[in-house]
Amino acid sequence: MNTIKIILLSVCCAAVVPAASQRVYTLDECRETALRENARMKISRGDLSAAEQEKKEAFANFLPEVSATGIGLKADDGLLQMEMAPGQRMKLVEDGLGIGVTATLPIYAGGMVYNGNKLAKIGVEVGELKLRQTENEVRLTVEQYYWQIVVLEAKLRTVEAVEQQLARIAEDVAAAVEAGVTSRNGLLQVNLRKNDMRSTRMDLDNTLALCKMMLAQFIGAEQSAVDVASSIGDELPAAPGYLRTDHDAALGLTPEYQLLNKNVEAGRLQKRMALGEHLPKVAVGGGYLYNDFMGFSQNRFLGFVSVSVPISWKAPHSVRKQRYRYQNALTQLDDGSEQLVIRMQKAWNDLENAYQQILIAANSIEQSTENLRLNEDYYNAGTSTMSDLLDAQTLFRQSRDRYAEAWSQYEIKKTEYLQATGR
(Lines of atoms letter the chains of each structure in order from A and count residues from 1; the text may use other names and numbers.)
(Lines give C-alpha, C1' and ligand atoms only; values in the text may rest on other atoms or scores of the structure.)
Protein backbone atom coordinates (compact mmCIF):
# COMPACT_ATOMS: atom_id res chain seq x y z
CA MET A 1 0.00 0.00 0.00
CA ASN A 2 1.39 3.39 -1.00
CA THR A 3 1.19 5.60 2.10
CA ILE A 4 1.45 8.90 0.20
CA LYS A 5 -1.47 8.01 -2.08
CA ILE A 6 -3.59 7.15 0.97
CA ILE A 7 -2.81 10.51 2.58
CA LEU A 8 -3.58 12.55 -0.54
CA LEU A 9 -6.79 10.63 -1.20
CA SER A 10 -8.00 11.26 2.35
CA VAL A 11 -7.04 14.95 2.37
CA CYS A 12 -8.52 15.80 -1.02
CA CYS A 13 -11.83 14.08 -0.31
CA ALA A 14 -14.42 16.87 -0.33
CA ALA A 15 -17.33 14.92 1.10
CA VAL A 16 -18.11 15.68 4.70
CA VAL A 17 -20.69 13.55 6.50
CA PRO A 18 -22.73 15.90 8.72
CA ALA A 19 -24.29 14.95 12.01
CA ALA A 20 -27.87 13.80 11.66
CA SER A 21 -29.20 16.80 13.55
CA GLN A 22 -27.29 19.37 11.45
CA ARG A 23 -28.60 20.89 8.26
CA VAL A 24 -26.01 21.48 5.54
CA TYR A 25 -25.89 25.10 4.30
CA THR A 26 -24.16 26.58 1.29
CA LEU A 27 -22.50 29.96 1.67
CA ASP A 28 -25.31 31.66 -0.26
CA GLU A 29 -27.92 30.04 1.97
CA CYS A 30 -26.07 31.24 5.06
CA ARG A 31 -25.99 34.79 3.70
CA GLU A 32 -29.66 34.80 2.76
CA THR A 33 -30.75 33.35 6.09
CA ALA A 34 -28.60 35.81 8.04
CA LEU A 35 -29.89 38.81 6.08
CA ARG A 36 -33.41 37.71 6.93
CA GLU A 37 -33.07 36.43 10.51
CA ASN A 38 -29.98 38.00 12.08
CA ALA A 39 -30.68 40.25 15.09
CA ARG A 40 -28.56 43.10 13.73
CA MET A 41 -30.59 43.12 10.53
CA LYS A 42 -33.86 43.21 12.43
CA ILE A 43 -32.67 46.14 14.55
CA SER A 44 -31.42 48.01 11.48
CA ARG A 45 -34.71 47.46 9.64
CA GLY A 46 -36.52 48.70 12.76
CA ASP A 47 -34.40 51.87 12.77
CA LEU A 48 -35.27 52.45 9.11
CA SER A 49 -38.98 52.00 9.82
CA ALA A 50 -38.71 54.52 12.66
CA ALA A 51 -37.05 57.02 10.30
CA GLU A 52 -39.87 56.53 7.78
CA GLN A 53 -42.43 57.26 10.49
CA GLU A 54 -40.48 60.36 11.49
CA LYS A 55 -40.65 61.52 7.88
CA LYS A 56 -44.44 61.09 7.86
CA GLU A 57 -44.61 62.89 11.18
CA ALA A 58 -42.68 65.84 9.72
CA PHE A 59 -45.01 65.99 6.70
CA ALA A 60 -47.95 66.38 9.10
CA ASN A 61 -46.61 69.84 9.94
CA PHE A 62 -47.84 71.00 6.51
CA LEU A 63 -51.41 70.13 7.53
CA PRO A 64 -53.69 72.23 9.76
CA GLU A 65 -53.42 71.60 13.45
CA VAL A 66 -56.92 70.89 14.76
CA SER A 67 -57.94 71.01 18.41
CA ALA A 68 -61.32 70.42 20.01
CA THR A 69 -62.45 71.20 23.53
CA GLY A 70 -65.63 70.54 25.40
CA ILE A 71 -66.94 71.47 28.84
CA GLY A 72 -70.03 70.53 30.78
CA LEU A 73 -71.08 72.56 33.82
CA LYS A 74 -73.45 71.92 36.71
CA ALA A 75 -73.33 74.24 39.75
CA ASP A 76 -75.42 74.25 42.92
CA ASP A 77 -76.09 77.92 42.33
CA GLY A 78 -75.65 80.41 39.51
CA LEU A 79 -72.11 81.56 38.93
CA LEU A 80 -73.39 84.99 37.83
CA GLN A 81 -76.10 86.62 39.94
CA MET A 82 -77.74 90.03 39.65
CA GLU A 83 -80.11 91.85 42.05
CA MET A 84 -82.90 93.10 39.73
CA ALA A 85 -85.15 94.49 42.50
CA PRO A 86 -85.71 93.89 46.16
CA GLY A 87 -86.45 90.20 46.53
CA GLN A 88 -85.75 89.55 42.84
CA ARG A 89 -82.41 87.92 41.87
CA MET A 90 -81.38 86.72 38.42
CA LYS A 91 -79.05 83.71 38.26
CA LEU A 92 -76.95 82.86 35.22
CA VAL A 93 -74.48 80.11 34.29
CA GLU A 94 -75.94 77.49 36.58
CA ASP A 95 -75.46 74.66 34.11
CA GLY A 96 -74.69 74.26 30.44
CA LEU A 97 -72.49 72.84 27.72
CA GLY A 98 -69.68 74.43 25.74
CA ILE A 99 -67.89 73.08 22.62
CA GLY A 100 -65.07 74.60 20.59
CA VAL A 101 -63.17 73.46 17.48
CA THR A 102 -60.23 75.38 16.01
CA ALA A 103 -57.84 74.76 13.13
CA THR A 104 -54.52 76.52 12.62
CA LEU A 105 -52.45 76.39 9.42
CA PRO A 106 -48.87 77.70 9.35
CA ILE A 107 -48.26 80.07 6.43
CA TYR A 108 -44.66 80.91 7.19
CA ALA A 109 -42.52 79.38 9.92
CA GLY A 110 -39.06 80.61 9.00
CA GLY A 111 -38.50 77.57 6.79
CA MET A 112 -38.79 75.25 9.78
CA VAL A 113 -41.51 73.05 8.26
CA TYR A 114 -39.94 72.83 4.80
CA ASN A 115 -36.41 72.20 6.05
CA GLY A 116 -37.68 69.83 8.74
CA ASN A 117 -39.27 67.69 6.03
CA LYS A 118 -36.07 67.65 4.01
CA LEU A 119 -34.14 66.71 7.13
CA ALA A 120 -36.57 63.86 7.83
CA LYS A 121 -36.11 62.65 4.25
CA ILE A 122 -32.35 62.61 4.78
CA GLY A 123 -32.98 60.60 7.95
CA VAL A 124 -34.68 57.90 5.85
CA GLU A 125 -31.82 57.90 3.34
CA VAL A 126 -29.33 57.60 6.19
CA GLY A 127 -31.34 54.68 7.57
CA GLU A 128 -31.17 52.96 4.19
CA LEU A 129 -27.40 53.47 3.99
CA LYS A 130 -26.92 52.16 7.53
CA LEU A 131 -29.03 49.14 6.64
CA ARG A 132 -26.70 48.54 3.70
CA GLN A 133 -23.71 48.85 6.03
CA THR A 134 -25.26 46.32 8.38
CA GLU A 135 -25.86 43.96 5.45
CA ASN A 136 -22.17 44.21 4.54
CA GLU A 137 -21.11 43.54 8.13
CA VAL A 138 -23.44 40.54 8.39
CA ARG A 139 -22.25 39.09 5.07
CA LEU A 140 -18.61 39.44 6.10
CA THR A 141 -19.18 37.90 9.52
CA VAL A 142 -21.08 34.98 7.95
CA GLU A 143 -18.15 34.34 5.61
CA GLN A 144 -15.67 34.45 8.48
CA TYR A 145 -17.66 31.87 10.45
CA TYR A 146 -18.31 29.78 7.33
CA TRP A 147 -14.71 29.58 6.15
CA GLN A 148 -13.48 28.94 9.69
CA ILE A 149 -15.64 25.80 9.69
CA VAL A 150 -14.33 24.80 6.26
CA VAL A 151 -10.72 25.20 7.46
CA LEU A 152 -11.35 23.17 10.62
CA GLU A 153 -12.93 20.36 8.62
CA ALA A 154 -9.97 20.38 6.23
CA LYS A 155 -7.60 20.13 9.18
CA LEU A 156 -9.61 17.23 10.55
CA ARG A 157 -9.33 15.39 7.24
CA THR A 158 -5.57 15.93 7.30
CA VAL A 159 -5.40 14.58 10.87
CA GLU A 160 -7.42 11.54 9.78
CA ALA A 161 -4.98 10.87 6.95
CA VAL A 162 -1.98 11.25 9.26
CA GLU A 163 -3.60 8.93 11.82
CA GLN A 164 -4.06 6.29 9.12
CA GLN A 165 -0.42 6.53 8.19
CA LEU A 166 0.68 6.38 11.84
CA ALA A 167 -1.45 3.30 12.40
CA ARG A 168 0.22 1.54 9.46
CA ILE A 169 3.70 2.64 10.56
CA ALA A 170 3.02 1.45 14.13
CA GLU A 171 1.94 -1.90 12.77
CA ASP A 172 5.11 -2.27 10.70
CA VAL A 173 7.38 -1.11 13.54
CA ALA A 174 5.68 -3.43 16.04
CA ALA A 175 6.29 -6.35 13.71
CA ALA A 176 9.93 -5.31 13.32
CA VAL A 177 10.39 -5.04 17.09
CA GLU A 178 8.84 -8.46 17.58
CA ALA A 179 11.19 -9.87 14.96
CA GLY A 180 14.11 -8.27 16.80
CA VAL A 181 15.32 -6.21 13.83
CA THR A 182 14.72 -2.82 15.48
CA SER A 183 14.52 -1.29 18.93
CA ARG A 184 11.38 -0.23 20.76
CA ASN A 185 12.41 3.42 20.57
CA GLY A 186 10.85 3.88 17.14
CA LEU A 187 7.58 2.32 18.31
CA LEU A 188 7.50 4.66 21.32
CA GLN A 189 7.97 7.68 19.03
CA VAL A 190 5.10 6.56 16.81
CA ASN A 191 2.81 6.01 19.79
CA LEU A 192 3.66 9.46 21.17
CA ARG A 193 2.83 11.01 17.81
CA LYS A 194 -0.45 9.07 17.75
CA ASN A 195 -1.30 10.56 21.16
CA ASP A 196 -0.51 14.04 19.82
CA MET A 197 -2.85 13.45 16.89
CA ARG A 198 -5.64 12.29 19.22
CA SER A 199 -5.20 15.44 21.30
CA THR A 200 -5.19 17.59 18.16
CA ARG A 201 -8.35 15.87 16.92
CA MET A 202 -10.13 16.53 20.23
CA ASP A 203 -9.22 20.21 20.10
CA LEU A 204 -10.38 20.49 16.48
CA ASP A 205 -13.64 18.63 17.20
CA ASN A 206 -14.48 20.92 20.11
CA THR A 207 -13.60 24.10 18.21
CA LEU A 208 -15.54 22.91 15.17
CA ALA A 209 -18.66 22.14 17.22
CA LEU A 210 -18.52 25.59 18.82
CA CYS A 211 -18.06 27.32 15.45
CA LYS A 212 -21.07 25.49 14.02
CA MET A 213 -23.17 26.66 16.96
CA MET A 214 -21.94 30.24 16.52
CA LEU A 215 -22.79 30.19 12.82
CA ALA A 216 -26.26 28.79 13.52
CA GLN A 217 -26.92 31.48 16.13
CA PHE A 218 -25.64 34.28 13.91
CA ILE A 219 -27.71 33.37 10.86
CA GLY A 220 -30.79 32.71 13.00
CA ALA A 221 -31.08 29.05 12.01
CA GLU A 222 -33.67 26.88 13.70
CA GLN A 223 -31.06 24.23 14.49
CA SER A 224 -28.60 24.65 17.37
CA ALA A 225 -25.73 23.83 14.99
CA VAL A 226 -25.30 23.73 11.21
CA ASP A 227 -22.86 22.18 8.78
CA VAL A 228 -21.41 23.71 5.61
CA ALA A 229 -21.35 22.39 2.09
CA SER A 230 -18.01 23.78 0.87
CA SER A 231 -14.52 22.38 1.11
CA ILE A 232 -11.01 23.50 0.22
CA GLY A 233 -10.37 22.73 -3.43
CA ASP A 234 -7.16 21.38 -4.91
CA GLU A 235 -7.34 23.66 -7.95
CA LEU A 236 -5.98 27.14 -7.36
CA PRO A 237 -8.55 29.96 -7.45
CA ALA A 238 -8.37 32.58 -10.19
CA ALA A 239 -5.95 35.45 -9.67
CA PRO A 240 -7.67 38.55 -8.25
CA GLY A 241 -6.76 40.89 -11.13
CA TYR A 242 -10.28 40.75 -12.55
CA LEU A 243 -11.63 42.32 -9.35
CA ARG A 244 -9.42 45.42 -9.54
CA THR A 245 -11.26 48.72 -10.07
CA ASP A 246 -10.46 52.43 -10.04
CA HIS A 247 -10.60 53.45 -6.39
CA ASP A 248 -11.36 57.13 -6.93
CA ALA A 249 -14.25 56.25 -9.24
CA ALA A 250 -15.55 53.66 -6.77
CA LEU A 251 -15.61 56.15 -3.89
CA GLY A 252 -19.13 57.37 -4.64
CA LEU A 253 -20.47 53.80 -4.58
CA THR A 254 -19.58 53.15 -0.96
CA PRO A 255 -22.21 53.64 1.76
CA GLU A 256 -19.59 55.25 3.99
CA TYR A 257 -18.94 58.04 1.48
CA GLN A 258 -22.65 58.54 0.89
CA LEU A 259 -23.19 58.82 4.67
CA LEU A 260 -20.53 61.53 4.83
CA ASN A 261 -22.40 63.42 2.10
CA LYS A 262 -25.69 63.04 3.95
CA ASN A 263 -24.01 64.43 7.04
CA VAL A 264 -23.06 67.54 5.04
CA GLU A 265 -26.62 67.92 3.73
CA ALA A 266 -28.03 67.53 7.21
CA GLY A 267 -25.60 70.14 8.55
CA ARG A 268 -26.71 72.60 5.90
CA LEU A 269 -30.37 72.09 6.78
CA GLN A 270 -29.73 72.31 10.51
CA LYS A 271 -27.99 75.64 9.94
CA ARG A 272 -31.08 76.93 8.12
CA MET A 273 -33.37 75.63 10.84
CA ALA A 274 -31.30 77.34 13.52
CA LEU A 275 -31.89 80.62 11.69
CA GLY A 276 -35.56 79.81 11.12
CA GLU A 277 -36.18 79.41 14.85
CA HIS A 278 -35.61 83.15 15.27
CA LEU A 279 -37.59 84.41 12.26
CA PRO A 280 -41.23 85.66 12.42
CA LYS A 281 -43.94 83.05 12.08
CA VAL A 282 -47.36 83.57 10.49
CA ALA A 283 -50.38 81.30 10.77
CA VAL A 284 -54.08 81.54 9.87
CA GLY A 285 -56.88 79.71 11.54
CA GLY A 286 -60.57 79.42 12.10
CA GLY A 287 -62.96 77.80 14.48
CA TYR A 288 -66.47 77.16 15.69
CA LEU A 289 -67.75 77.81 19.24
CA TYR A 290 -71.00 76.74 20.85
CA ASN A 291 -72.35 77.22 24.38
CA ASP A 292 -75.67 77.52 26.23
CA PHE A 293 -74.38 78.81 29.57
CA MET A 294 -76.59 81.88 29.41
CA GLY A 295 -79.74 79.85 29.07
CA PHE A 296 -79.89 80.01 25.31
CA SER A 297 -77.74 78.58 22.50
CA GLN A 298 -74.92 80.66 21.04
CA ASN A 299 -73.10 79.65 17.83
CA ARG A 300 -70.02 81.52 16.67
CA PHE A 301 -67.68 81.10 13.72
CA LEU A 302 -64.37 82.87 13.86
CA GLY A 303 -61.20 83.39 11.81
CA PHE A 304 -57.86 84.76 12.88
CA VAL A 305 -54.32 85.51 11.79
CA SER A 306 -51.42 85.13 14.21
CA VAL A 307 -47.99 86.67 13.87
CA SER A 308 -45.22 85.89 16.34
CA VAL A 309 -41.82 87.55 16.35
CA PRO A 310 -39.32 85.77 18.60
CA ILE A 311 -36.91 88.03 20.41
CA SER A 312 -33.88 86.19 21.77
CA TRP A 313 -30.28 86.96 22.57
CA LYS A 314 -29.40 83.37 21.68
CA ALA A 315 -30.09 83.70 17.94
CA PRO A 316 -26.58 84.69 16.73
CA HIS A 317 -24.93 82.03 18.86
CA SER A 318 -27.19 79.15 17.82
CA VAL A 319 -26.72 80.06 14.14
CA ARG A 320 -22.95 80.26 14.51
CA LYS A 321 -22.94 76.93 16.37
CA GLN A 322 -24.64 75.18 13.46
CA ARG A 323 -22.35 76.93 11.00
CA TYR A 324 -19.31 75.47 12.79
CA ARG A 325 -20.91 72.03 12.78
CA TYR A 326 -21.55 72.36 9.05
CA GLN A 327 -17.89 73.23 8.49
CA ASN A 328 -16.92 70.20 10.56
CA ALA A 329 -19.11 68.02 8.32
CA LEU A 330 -17.28 69.35 5.25
CA THR A 331 -13.93 68.60 6.88
CA GLN A 332 -15.09 65.09 7.77
CA LEU A 333 -16.15 64.55 4.15
CA ASP A 334 -12.70 65.46 2.82
CA ASP A 335 -10.83 63.51 5.47
CA GLY A 336 -13.17 60.51 5.29
CA SER A 337 -12.88 60.36 1.49
CA GLU A 338 -9.11 60.11 1.70
CA GLN A 339 -9.36 57.40 4.37
CA LEU A 340 -11.82 55.41 2.28
CA VAL A 341 -9.46 55.44 -0.73
CA ILE A 342 -6.62 54.31 1.54
CA ARG A 343 -8.89 51.57 2.89
CA MET A 344 -9.55 50.39 -0.68
CA GLN A 345 -5.84 50.22 -1.43
CA LYS A 346 -5.17 48.31 1.78
CA ALA A 347 -7.98 45.86 0.98
CA TRP A 348 -6.45 45.33 -2.47
CA ASN A 349 -2.97 44.79 -1.02
CA ASP A 350 -4.40 42.29 1.47
CA LEU A 351 -6.21 40.48 -1.36
CA GLU A 352 -3.07 40.20 -3.49
CA ASN A 353 -1.07 39.04 -0.47
CA ALA A 354 -3.71 36.41 0.36
CA TYR A 355 -3.47 35.04 -3.20
CA GLN A 356 0.32 34.88 -3.02
CA GLN A 357 0.01 33.00 0.27
CA ILE A 358 -2.11 30.39 -1.54
CA LEU A 359 0.58 29.97 -4.19
CA ILE A 360 3.28 29.63 -1.55
CA ALA A 361 1.20 27.13 0.43
CA ALA A 362 0.46 25.09 -2.70
CA ASN A 363 4.18 24.93 -3.49
CA SER A 364 4.87 23.90 0.11
CA ILE A 365 2.43 21.01 -0.24
CA GLU A 366 4.26 19.71 -3.30
CA GLN A 367 7.61 19.93 -1.54
CA SER A 368 6.39 18.47 1.77
CA THR A 369 4.65 15.60 -0.05
CA GLU A 370 7.84 14.72 -1.91
CA ASN A 371 9.86 15.10 1.30
CA LEU A 372 7.51 12.70 3.10
CA ARG A 373 7.74 10.17 0.26
CA LEU A 374 11.54 10.27 0.27
CA ASN A 375 11.80 9.96 4.05
CA GLU A 376 9.49 6.95 4.02
CA ASP A 377 11.64 5.32 1.35
CA TYR A 378 14.81 6.14 3.30
CA TYR A 379 13.30 4.74 6.51
CA ASN A 380 12.24 1.54 4.77
CA ALA A 381 15.75 1.26 3.35
CA GLY A 382 17.25 1.76 6.81
CA THR A 383 19.07 5.00 5.89
CA SER A 384 16.80 7.35 7.87
CA THR A 385 15.50 7.45 11.42
CA MET A 386 11.94 7.37 12.70
CA SER A 387 12.38 10.96 13.94
CA ASP A 388 13.14 12.12 10.39
CA LEU A 389 10.04 10.37 9.07
CA LEU A 390 7.80 11.83 11.75
CA ASP A 391 9.27 15.32 11.19
CA ALA A 392 8.51 15.00 7.48
CA GLN A 393 4.98 13.97 8.36
CA THR A 394 4.61 17.05 10.58
CA LEU A 395 5.80 19.33 7.77
CA PHE A 396 3.27 17.71 5.43
CA ARG A 397 0.41 18.30 7.87
CA GLN A 398 1.45 21.90 8.50
CA SER A 399 1.63 22.64 4.77
CA ARG A 400 -1.92 21.31 4.26
CA ASP A 401 -3.17 23.38 7.20
CA ARG A 402 -1.52 26.55 5.87
CA TYR A 403 -3.03 25.94 2.45
CA ALA A 404 -6.53 25.67 3.94
CA GLU A 405 -6.01 28.82 6.02
CA ALA A 406 -4.63 30.76 3.03
CA TRP A 407 -7.59 29.68 0.88
CA SER A 408 -10.15 30.84 3.46
CA GLN A 409 -8.32 34.15 3.98
CA TYR A 410 -8.37 34.75 0.21
CA GLU A 411 -12.15 34.25 0.08
CA ILE A 412 -12.66 36.64 3.01
CA LYS A 413 -10.31 39.25 1.56
CA LYS A 414 -12.24 39.13 -1.72
CA THR A 415 -15.41 40.07 0.12
CA GLU A 416 -13.62 42.81 2.05
CA TYR A 417 -12.26 44.34 -1.16
CA LEU A 418 -15.61 44.18 -2.94
CA GLN A 419 -17.31 45.87 0.02
CA ALA A 420 -14.56 48.49 0.31
CA THR A 421 -15.16 49.44 -3.33
CA GLY A 422 -18.94 49.61 -2.95
CA ARG A 423 -19.77 46.29 -4.63
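Numbering (this note's numbering), first residue to last: 199 to 621. Glycine included, every Cβ here is placed at the ideal spot set by N, Cα and C.
- Note on geometry: alpha-carbon atoms of Tyr553 and Asn561 lie some 13 Å from one another.
- Secondary structure of Ala307 (DSSP, three-state): coil.
- Between Gly308 and Lys469 a beta carbon distance of about 13 Å is seen, past the 8 Å cut, so the two are scored as non-contacting.
- For secondary structure counted as the alpha helix (DSSP H) over 4 or more consecutive residues, the segment 372-448 holds these complete runs in sequence order: 382-417 and 445-448.
- Cα atoms of Ala419 and Glu263: separation of roughly 48 Å, rounded to the nearest angstrom.
- When beta bridges are read from the DSSP output, Asp293 appears opposite Lys272.
- In this structure, Ser535 places its C-beta atom within 8 Å of the C-beta atom of Leu449.
- For Phe594, the enclosing alpha helix (DSSP H) covers residues Met584 to Ala618.
- The segment 483-499 makes no contact with the segment 417-435: fewer than 3 CB pairs, one atom from each, lie closer than 8 Å.
- The continuous alpha helix (DSSP H) containing Ala560 extends over residues Ala513 to Ala579.
- Excluding five sequence positions before and after Ala373, none of the CB atoms of its chain fall closer than 8 Å to its own CB.
- For Pro438, same chain residues with a beta-carbon under 6 Å away, outside a window of 5 residues either side, are Leu549 and Tyr553 in chain order.
- DSSP, read as helix, strand or coil, puts Phe494 in coil.
- Comparing C-alpha distances from Lys353 to each of Ala618, Arg598 and Glu475 shows the shortest one belongs to Arg598.
- Selection Leu588, Asp425, Met400 and Asp403 evaluated against Lys410 yields Asp425 as nearest (Cα-Cα).
- If you compare the alpha carbons of Phe502, Ile509 and Asn461 with that of Glu475, the shortest gap goes to Ile509.
- Leu451 and Gln331 have their C-alpha atoms spaced approximately 12 Å apart.
- Residues of the same chain with a CB within less than 7 Å of the CB of Leu528, apart from the 5 flanking positions on each side, are Val462 in chain order.
- Using a Cβ distance threshold of 8 Å, Glu609 and Leu338 do not count as a contacting pair.
- With contact defined as three or more Cβ pairs closer than 8 Å, the segment 298-316 and the segment 256-271 are in contact.
- Note that the C-beta distance between Arg541 and Ala618 is below 8 Å.
- Cα atoms of Arg399 and Gln362: separation of roughly 13 Å, rounded to the nearest angstrom.
- For Arg466, the CB contacts under 7 Å within the same chain, skipping 5 residues up- and downstream, are Tyr524 in chain order.
- Note: Asn489 is bridge-paired with Gly296 and Gln496 in the DSSP secondary-structure output.
- Sequence-distant Cβ neighbours of Val375 in its own chain, meaning closer than 6 Å and more than five residues away, are Arg382 and Leu385.
- Taking all protein chains shown into account, Tyr343 has 16 or more neighbouring C-beta atoms within 10 Å of its C-beta and is therefore buried.
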